[in-house]
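For reference, the structure is listed below as structure tokens.
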């Protein structure tokens, strides 16, 4: 069984629509894929409706958070929430706040670049986004690619959009402990995403993961394209000691990144444990129909487990 628990669509900063992601997952030979757009569940319904036969969907989201870095400061981290109830008032309110803040931030960053002579229209950058889509630096990076300023999204980040750039603006992200509690209260399972992705910048100390486990963190994304072998080994050892679920995922973004679906995968036993940890107040794993049976029971079922 091939399982990839981290993928994005045009509902946030991926280039595949939810329908295209489901087709790509099936074509890649995946049995299970998780839809984890940034700070939104807007792609869920389309993904469920387009599930091909034989593919199962884990509905989730990637929450943008701030966490203690273990050295006296705070640092940006991402939290994957799986199988939570999207009707949670706390999650709806926080995702709405984040989307509004993201749009204002992206417009301000684009305005800074335009003031310096870059061929960027701040309003046009936002106009190209779906109303419920969180705005992020990848959208500005893509605008720079389209304008011919850079040749790739990676180049845009390296030259102009990294956290040390004069065009970068800080984000007002969710406290990671609050996010863990929100996901759990909504019946979901919280897994820390790519905690040692050093190529992206500073990372948390491993002691922070132990602290989050005490707050209800259920797992750690160990196998990720941005994790070095030594860091994977350290995370695996820590997760085992803390009895946390160990996952592996591609963090697929379509053409915005060079990784492919299924490049990193999760063991079936880890997925089974995630399903066991999910509460009945969450959502079910959705399954594609077979034999022309119409709507599947698992699509209709509102509960996980």
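Numbering (this note's numbering), first residue to last: 54 to 358.
Where a beta carbon is used, it is the ideal one built from N, C-alpha and C, also for glycine.
- In the DSSP assignment, residue 85 forms a beta bridge with 56 and 109.
- According to the DSSP assignment, residue 133 belongs to no alpha helix (DSSP H) but to the beta strand (DSSP E) extending over 127-135.
- If you draw a 10 Å sphere on the C-beta of residue 267, you find fewer than 16 other C-beta atoms in it, and that means exposed.
- In this structure residue 195 is buried. Its beta-carbon is surrounded by 16 or more other beta-carbon atoms within 10 angstroms.
- Per DSSP, the unbroken alpha helix (DSSP H) holding residue 233 starts and ends at 229-238.
- Under the three-state reduction of DSSP output, residue 91 falls in the strand class.
- A distance below 8 angstroms separates the beta carbons of residue 59 and residue 89.
- Assignment of residue 262 by DSSP, reduced to helix, strand and coil, places it in the helix class.
- Straight through space, the alpha carbons of residue 99 and residue 342 are spaced by roughly 15 angstroms.
- At the C-beta level, residue 273 and residue 120 stay beyond 8 angstroms of one another.
- The C-beta distance from residue 134 to residue 67 rounds to 17 angstroms, too long to meet the 8 angstroms contact threshold.
- For residue 276 against residue 317, the beta-carbon gap comes to about 4 angstroms, under 8 angstroms, which counts as contact.
- The alpha-carbon separation between residue 165 and residue 151 amounts to approximately 21 angstroms.
- The DSSP-derived three-state label of residue 104 is coil.
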